[in-house]
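Engineer: Take a look at this one; I'll ask things after.
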Amino acid sequence: MEMPRPPLTSYEQLAKMIDHSLLRPELTEEQVVEGCKLAIRYNVANVTVRPSDADLAVNLMKDSGIPVGSVVGFPHGSSTTAAKLYEARDLLRRGVREIDMVLNIGKLLSRQFQYVESELTQMADACHEQGAILKVIFENAYLTDELKIIACKISKRAGVDFTKTSTGFAPSGARIEDLRLMYQHCAPHVQVKAAGGIRTLDQAIEVYEVGCTRFGATATAAILDAWKERLARQAASGSSA
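Residues in the sequence shown are numbered consecutively from 15, following our numbering.
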């Protein structure tokens with residue numbers, strides 16, 4: 015049985031769980047700039063941008079201490095392994111330090127587990143050679159619980175840093191039961207990131223409580239403003255968080 019996690023007690027604890035997401039296809043360059051500035055202002059864990067925005071984001075974030083992330087094989091995961099490796103190495107060369115890669119969903123559903131593991135191992139090695147981290151997106155909306163567990167086991171063997179629920183572009187996003195399952199089969203060697211549908215403070219706290227150490231968000235300002243207000247109320251009333 016999993017042990018309850020200690021409650022969050024500071025602004026930074028929650029802020030440093032957030033990967034501020036700037037991945038929607040319709041975002042303009044001006045909106046990407048504003049998103050990067052927001053990430054700096056709220057001092058989040060990471061800002062995750064589309065590959066073509068990597069140079070812009072790396073330049074904007076260079077003195078912030080906040081790493082830039084980007085995506086590979088996004089959002090369907092069906093690129094060849096060679097194409098994914100090229101895309102990752104190109105991003106790493108540009109200064110991206112966190113890669114969120116979609117595993118090959120079709121190969122996993124086809125039970126071609128050796129293919130999936132080989133791809134993840136090569137991607138993890140490419141990232142780690144440059145001091146970067148790899149998050150592997152399962153896209154749980156399309157998977158059975160059995161395949162989610164297999165993907166967790168493959169991820170551990172491949173040496174990835176995080177497993178992640180979803181891209182945010184599938185029929186469903188982060189589900190609490192999936193997060194519990196992933197934490198059970200990944201921890202402590204691989205961390206878990208929730209993505210897709212986390213828009214409120216209570217949802218953010220809930221994913222923390224089931225074991226996530228990161229979550230993707232576009233509603234970053236709303237979540238953290240609500241968190242600051244709650245902390246202020248708790249301080250005023252003398253209660254613990």
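Think of the CB as a built atom: it goes at the ideal place given N, C-alpha and C, for glycine as much as any other residue.
Once the 5 residues before and after residue 234 are set aside, which same chain residues still bring their CB inside 7 Å of it?
Structural biologist: The answer, listed in chain order, is 32, 34, 52, 56 and 58.
Engineer: Could you compute how far the alpha carbon of residue 155 sits from the alpha carbon of residue 91?
Structural biologist: So the alpha carbons of these two residues sit roughly 14 Å apart.
Engineer: Going by alpha carbons, who is nearest to residue 118 out of 111, 152 and 138?
Structural biologist: For residue 118, the nearest C-alpha among the options comes from 152.
Engineer: Leaving out five residues on either side along the sequence, give the residues of the same chain with a beta carbon under 6 Å from the beta carbon of residue 28.
Structural biologist: The residues are 22 and 241.
Engineer: Could I get the ranges of all uninterrupted alpha helix (DSSP H) runs contained in the region 112-149, with 4 residues as the minimum, in chain order?
Structural biologist: DSSP runs (the alpha helix (DSSP H)) wholly in the region 112-149: 119-123 and 127-143.
Engineer: Give the single residue among 66, 87 and 62 whose Cα lies nearest to the Cα of residue 80.
Structural biologist: Comparing Cα positions, the closest option is 62.
Engineer: When the Cα atoms are used, what is the spatial distance from residue 97 to residue 139?
Structural biologist: Approximately 15 Å, taken between the alpha carbons.
Engineer: Report yes if the C-beta distance between residue 195 and residue 149 is below 7 Å; otherwise report no.
Structural biologist: Cβ distance not < 7 Å, so residue 195 and residue 149 don't count as in contact.
Engineer: Just how far apart, CA to CA, sit residue 243 and residue 111?
Structural biologist: Taking the straight line from one Cα to the other gives about 32 Å.
Engineer: Could you tell me the alpha carbon to alpha carbon distance between residue 247 and residue 38, rounded to whole angstroms?
Structural biologist: So the two alpha carbons sit approximately 34 Å from each other.
Engineer: Indicate the three-state DSSP secondary structure (helix, strand or coil) for residue 57 in the structure shown.
Structural biologist: Reduced to three states, the DSSP call for residue 57 is coil.
Engineer: Return the CA-CA distance between residue 185 and residue 252, expressed in angstroms with no decimal places.
Structural biologist: Taking the straight line joining both Cα atoms gives about 43 Å.
Engineer: Extract the residue ranges of the alpha helix (DSSP H) inside the region 159-235, only unbroken runs of 4 or more that lie entirely within it.
Structural biologist: Counting only runs of 4 or more, we get 159-172, 190-200 and 215-223.
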